[in-house]
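Protein chains in written order, with the numbering used here: chain A, -11 to 307; chain B, 375 to 895.
Yeah, the Cβ is synthetic: ideal placement off N, Cα and C, and Gly gets one too.
Values in this document were obtained by computation on a predicted structure and should not be read as measured data.
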Amino acid sequence: MKYFVKKIITLIMTLFLVSVAAFLAFQVIPGDVVTSILGTEAPPEREEQLREELGLNKPPVVRYMRWASGVIKGDFGRSYRYSKNMNEMMPVKELIGDKLPVTLWLAALSLILIVLVSIPLGVLWARSTNRFVDAALNCITQVSMAVPSFFLGVLVTYLFGIVFHLFAPGGYISYHDNFKGFLGYLLFPALSIAIPKIAMTARFLRNSMLTEMKSDYVRTAYSKGCSKRRVMYGHVLRNAMMPVVTFLGMIIAEIVAGSIVVEQVFGLPGIGRLLISSINTRDFPVTEILILYITFVVIFVYFLVDILYRVIDPRISEK
Amino acid sequence: MIKIENLSVAFDGTEVVKNVNLEITDGEILGIVGESGSGKSVTALTLMGLVSETAEVTSGRIVVDDCVLREAGKPVDKKLYRTMQGDNMSMIFQEPMTSLNPTQKVGKQVGEMLKLHTVLTKEEIKAKVLETFEAVGLRNPELVYNCYPHQLSGGMRQRVMIAMAVILHPDLVVADEPTTALDVSIQNQIVALLKDINTKENNSMIFITHDLNLARRICDRVAVMKDGRIVELGATEDIFLRPQESYTKNLMEAVPSRLKRRVSAMKNADNKEPIVQVKDLSVFYEDRGSNPFAKKVRKCIVKNATFDIYKGESLGLVGESGCGKTTLSKAILGMNMITTGEVIQTTVRPQMIFQDPYSSLNPSKTIGWLLQEPLRARGILDPSQKMTKADMEAAAYEMLKRVGLEEKYFTRKPSQLSGGQRQRISIGQALITRPGLIVADEPVSALDVTVQAQIMELMQNLQQEMELSYLFISHDINVVYKMCDRIMVMKEGQILEIGETEEIFAHPQNEYTQTLFRDSL
């Protein structure tokens, strides 16, 4: 219980510090949202008026306080750039709420692919004594790790979209319209995200298992008359998973935070694209919330990893 | 009956076991003694079928009850081995902490033996495990059953290992240095337990050890191994009292023993000049766990220590692990800790020699660089003592000679040196700033007996030449007996007794001292 309270306090402190840092960054970076909305030719009166409307004429401290108190109350503010209709700007909540499911589903699918493929692959690889299997896997994973994801995206689009017609490239299906179709479309971007990570995780697990195989307790297990299979699954796997869990945690954080490039390549309306465009247009309210979201996800995933770690390794919860 | 006939084992073409013949009869304890690298472990692991797959049996065979288990030139019958391992022969390893799976409860790990070799139900397995736990002297077996290895003490873990090894009543138990990682008093309990099991079960046992005193106490017969060969094999008392081979004689000579007379390094005992005075010293650790807001908890590690170390003497410090020996020595060295009381030093900063020469030397530097490092550090701390590069090099060469190594070692890396040579370098590092006091923390514990004897001799010679004082920390009472003029006994942070070596051995005042000395005999 104490542990959870501690974690939550850390989470809140981190979110606060990150929000201040992001706010300050926006003060420092060159560029002005007013000029970016109205262009350089606008009359000064109009600029002044817009500044007033957006609350930009107030000192930074006041602006931050106003924004922060809104966020605490659940009001995330309105976008500077996206409008809902003629005379109303789009609330950040609605803007992100629309795009978040896309990113989250993409992340979930990628993660499922990674875990389902990499763990059995890593174990089989560690078990194999065949030199050719070893060399082949070594080569394949090496290449998969090296290929940049945008190129992999193009490759997947070409192979599955154009050659095999398994999906229509560029034909994004909204989850409002057809959820099954949406998932079917997402499978391919998820694949381009997952392939390099699968290669990394499988390699990592294999090395971890081979290291564990040299431990004293493995020798003990053999001395009892355990078969190699039993030693691998009964003794080594759980110990070997410990570093892999940390590694997977880092990967999850990276994916959930938005696979920007892959979203671009497959034309997905996720938050990765939104983040880029909002930074470009100095859309402060949107950027700030997105940064907080990413921070939250990273911390939360590490928290989950921490718990998982305790489940796997009984030595940790003792301390 | 187990027969090892003309067995040779090679790794990458180099034979590490050469033409070994051994016969183990029912009910006997056969000791295999020898220094590290003598092939004693490889012989046992080959017998058990646990030697790594890169090892090749180049000649001979292993026969267990007329069944040929392994023969040169024939592939290993893993299936046959698996039925024998655990059931007919089992093994106890040196390090019970790492030899148990850290993520599995010990009850399940012991139960796995029964799961593999019997058809008992879950409940029957548990009952049998609890019964065996009780038999190996684990109090509260029910509680131990659900513990993970890290929740048990070293002695308890080794008892769990023993329970695992004997639960199926095998014909042969191989114990590979089963007590080396344990404290002296626990060592004795474990040895007594093994002997007890041997008497009750009438099984055979192979007892591998580098500790000759231990072998003498437990074994019926002893085989002495050197460079992969058995040099001598015979009844224990014959080997110890009437060794035939010169190697065995040397080995027996090197064993530190209380039966041999001690030569004190103190020349004139009247003229005692204290080099370090410790007055009412208490040492604390502050700990607040992982919570940055929690109040610090002060733990007293050393309580009110008062003693002097005289010029030119060796003061032995003995006690079990965790008694505060190392903490006390660090406080004398001035390594930042919270202390009360006084430590008055009359010479330059004391230096330290560590236990493990393998890990205490930076592997990426040359010996020359390592020897000069204390001089460089001193030059930075105190610019007036700064030396030129040539001077430092000359000092390093001189020190190399002093510790008995040739000049060619100057440019080598630690990995190219043997354990004894590395410990010589550690000694050289400690001496190069010419301190009056050296704190030696188990300096010979990681070394083989013959090397141990050489290092102790070197330390004694250097003491004479340079008028050094030693604070000599060791858990090996016999080593302390050989090295030290006075002995200080510690328990739970307190100094129980301090006195002249001969005197304290002859008439230990304290009960704890008495048991400690008796246990180490």
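message: For chain B, check one thing: does any of its Cβ atoms lie closer than 7 Å to the Cβ of P302/A?
response: Counted from its first residue, the first sequence places residue 302/A at position 314. Judged by the 7 Å Cβ criterion, P302/A is in contact with chain B.
query: Does the distance from the C-beta atom of K699/B to that of I649/B stay below 7 Å?
result: The residue given as residue 699/B occupies position 325 in the second sequence. The residue given as residue 649/B occupies position 275 in the second sequence. No, Cβ-Cβ distance for K699/B and I649/B is not below 7 Å.
Integer Cβ distance of V437/B from G413/B, believed to fall under 8 Å: What you label residue 437/B is simply residue 63 of the second sequence in a count that begins at 1. What you label residue 413/B is simply residue 39 of the second sequence in a count that begins at 1. About 20 Å separates the two Cβ atoms, so there is no contact after all.
message: Using only the alpha-carbon positions, how far apart do V818/B and T824/B sit?
response: Position 444 of the second sequence holds residue 818/B. Position 450 of the second sequence holds residue 824/B. Cα to Cα, V818/B sits roughly 11 Å from T824/B.
- prompt: Given that K212/A touches chain B, what residues does it touch there, using C-beta distances under 8 Å?
  reply: Within the first sequence, the letter at position 224 stands for residue 212/A. Result: Q459, G460, S464, E486, M487, L490, M538.
task: Report whether the distance from the Cβ of R217/A to the nearest heavy atom of the ligand ZN is below 6 Å.
output: Looking for the ligand ZN in the displayed structure turns up nothing, as the structure carries no ligands at all.
query: Can you give the beta carbon distance from A114/A to R194/A, rounded, assuming they're within the 8 Å contact cut?
result: Taking the first sequence and counting its residues from 1, the one referred to as residue 114/A is at position 126. Taking the first sequence and counting its residues from 1, the one referred to as residue 194/A is at position 206. The pair is a contact, with the Cβ atoms about 5 Å apart (cut-off 8 Å).
field: Assumed close pair Y844/B, I812/B - CB separation to whole angstroms, cut-off 8 Å
entry: Here residue 844/B refers to the residue found at position 470 when the second sequence is read from its first residue. Here residue 812/B refers to the residue found at position 438 when the second sequence is read from its first residue. Right, the Cβ-Cβ distance comes to about 5 Å (below 8 Å), so this counts as a contact.
task: Go through the stretch 45 to 81 of chain A residue by residue and report every complete run of the beta strand (DSSP E) that reaches 3 residues or more, in order.
output: 66 to 73, 76 to 79, all fully within the stretch 45 to 81 of chain A.
query: Is the number of C-beta pairs between the stretch 129 to 144 of chain A and the stretch 248 to 258 of chain A that are closer than 8 Å three or more?
result: yes
- prompt: What are the uninterrupted segments assigned as alpha helix (DSSP H) that are 4 or more residues long and contained completely in the stretch 480 to 536 of chain B, given in chain order?
  reply: As far as the stretch 480 to 536 of chain B is concerned, its whole alpha helix (DSSP H) runs of at least 4 residues are 480 to 491, 496 to 509, 515 to 519.
message: Can you find the residues in the same chain that come closer than 6 Å, C-beta to C-beta, to A597/B, ignoring five residues on each side of it along the sequence?
response: On the second sequence, position 223 is the one that residue 597/B refers to. Hits under 6 Å: I406, I604, L607.
Segment limits, beta strand (DSSP E) that includes T23/A: Numbered from its first residue, the first sequence carries residue 23/A at position 35. Under the DSSP assignment, T23/A falls outside any beta strand (DSSP E), being part of the alpha helix (DSSP H) whose first and last residues are 21 to 26.
field: Residue nearest to T573/B in terms of C-alpha spacing, selected from D400/B, T701/B, T506/B, N475/B
entry: Working through the second sequence from its first residue, we reach residue 573/B at position 199. Scanning D400/B, T701/B, T506/B, N475/B for the CA closest to the CA of T573/B turns up D400/B.
- request: Provide the residue(s) that pair with L691/B in DSSP beta bridges, ordered along the chain.
  value: Indexing the second sequence from 1 puts residue 691/B at position 317. For L691/B, which the question treats as bridged, DSSP gives the partners I847/B, M862/B.
Reduced DSSP secondary structure (H/G/I, E/B, other) of K307/A: Position 319 of the first sequence, counting from 1, holds the residue named residue 307/A. Because the pLDDT of K307/A is 47, which lies under 50, any placement of that residue in the model is unreliable, and the question is left without a value.
- request: Tell me, please, whether the CB atom of D204/A is closer than 7 Å to any CB atom in chain B?
  value: Position 216 of the first sequence, counted from the first residue, corresponds to residue 204/A. Answer yes: the Cβ-Cβ gap between D204/A and chain B drops below 7 Å somewhere.
query: Near P860/B, what residues of its chain come up, given a Cβ to Cβ distance below 6 Å and the 5 sequence neighbours on each side ignored?
result: Numbered from 1 along the second sequence, position 486 holds the residue referred to as residue 860/B. Before going further, note that residue 860/B is Arg rather than Pro in the sequence given. Closer than 6 Å at the Cβ level, and outside the excluded window around R860/B, lie L689, E874.
query: Between A178/A and the rest of its own chain, which residues show a CB-CB distance below 7 Å, the 5 nearest in sequence each way excluded?
result: For the purposes of this step, residue 178/A is taken as residue 190 along the first sequence, with counting starting at 1. Only L94, L97, S98, L101 meet the Cβ criterion.
message: Three or more C-beta pairs under 8 Å: does that hold for the stretch 494 to 514 of chain B against the stretch 529 to 548 of chain B?
response: Counting C-beta pairs closer than 8 Å gives three or more between the stretch 494 to 514 of chain B and the stretch 529 to 548 of chain B, which meets the contact rule.
- prompt: Applying the criterion that 16 or more other CB atoms from any shown protein chain within 10 Å of the CB defines a buried residue, is P108/A buried or exposed?
  reply: Counted from its first residue, the first sequence places residue 108/A at position 120. Burial call: exposed.
- prompt: Do you know how far the Cα of I872/B is from the Cα of G481/B?
  reply: One-based indexing of the second sequence puts residue 481/B at position 107. One-based indexing of the second sequence puts residue 872/B at position 498. Rounded to the nearest angstrom, the gap between the Cα atoms of G481/B and I872/B is 44 Å.
- request: Spell out whether any CB of chain A is found under 7 Å from the CB atom of T680/B.
  value: Sequence index remark: in the second sequence, residue 680/B carries index 306 (1-based). No, no contact with chain A.
- request: Give the interface partners of H223/A over in chain B, defined as CB-CB distance under 8 Å, in chain order.
  value: Numbered from 1 along the first sequence, position 235 holds the residue referred to as residue 223/A. Chain B residues near H223/A: N475, Q478.
- prompt: With 7 Å set as the bound, which would you pick, yes or no: does the beta-carbon of N227/A sit closer than that to a beta-carbon of chain B?
  reply: Reading the first sequence from its first residue, position 239 is the one you call residue 227/A. The Cβ of N227/A sits closer than 7 Å to at least one Cβ of chain B.
query: Interface residues of chain B around S196/A at Cβ under 9 Å?
result: As a working mapping, residue 196/A is identified with position 208 in the first sequence. Result: empty, since nearest Cβ-Cβ is about 13 Å, beyond 9 Å.
field: Under the three-state DSSP convention, the category S410/B falls into
entry: Stepping through the second sequence from its first residue, residue 410/B is reached at position 36. Residue state, collapsed to three classes: coil.
message: When you compare the CB positions of L735/B and R796/B, do they come within less than 7 Å of one another, or not?
response: Counting from one through the second sequence, the residue named residue 735/B turns up at place 361. Counting from one through the second sequence, the residue named residue 796/B turns up at place 422. Yes; because the gap between Cβ atoms is below 7 Å, this pair is in contact.
field: Neighbourhood of L488/B by C-beta, 7 Å cutoff - its chain only, sequence neighbours within 5 removed
entry: By 1-based counting over the second sequence, the position of residue 488/B is 114. If we look at L488/B and ignore the five residues flanking it on each side, its Cβ neighbours are L494, I499, K502, I541.
Classification of P748/B by the beta-carbon crowding that lies within 10 angstroms, buried from 16 upward: Within the second sequence, numbered from 1, the residue matching residue 748/B stands at position 374. With 16 or more other Cβ atoms within 10 Å, it is buried.
message: So, for E402/B: in the same chain, excluding its five sequence neighbours on each side, which residues have a beta-carbon less than 7 Å away from its beta-carbon?
response: On the second sequence, residue 402/B is found 28 positions in, with the first residue counted as 1. Around E402/B: S578, D594, R595.
query: Of all the CB atoms in chain A, is at least one closer than 7 Å to the CB of T417/B?
result: Numbered from 1 along the second sequence, position 43 holds the residue referred to as residue 417/B. No, T417/B does not count as interfacial toward chain A.
query: What is the DSSP secondary structure of C674/B, counted as helix, strand or coil?
result: Reading the second sequence from its first residue, position 300 is the one you call residue 674/B. If DSSP states are grouped into helix, strand and coil, C674/B belongs with the strands.
query: Do you know offhand how far K600/B's Cα is from P724/B's?
result: To locate residue 600/B, count along the second sequence from 1; it is residue 226. To locate residue 724/B, count along the second sequence from 1; it is residue 350. Here the alpha carbons of P724/B and K600/B stand approximately 39 Å from one another.
task: Identify whether L171/A lies in helix, strand or coil by the three-state DSSP scheme.
output: The count along the first sequence starts at 1 and reaches residue 171/A at position 183. DSSP places L171/A in helix when its eight states are reduced to three.
message: Within 10 Å of its beta-carbon, does Y281/A have 16 or more other beta-carbons around it, so buried, or fewer, so exposed?
response: As a first step, residue 281/A is located in the first sequence; it is residue number 293 there, counting from the start. Buried.
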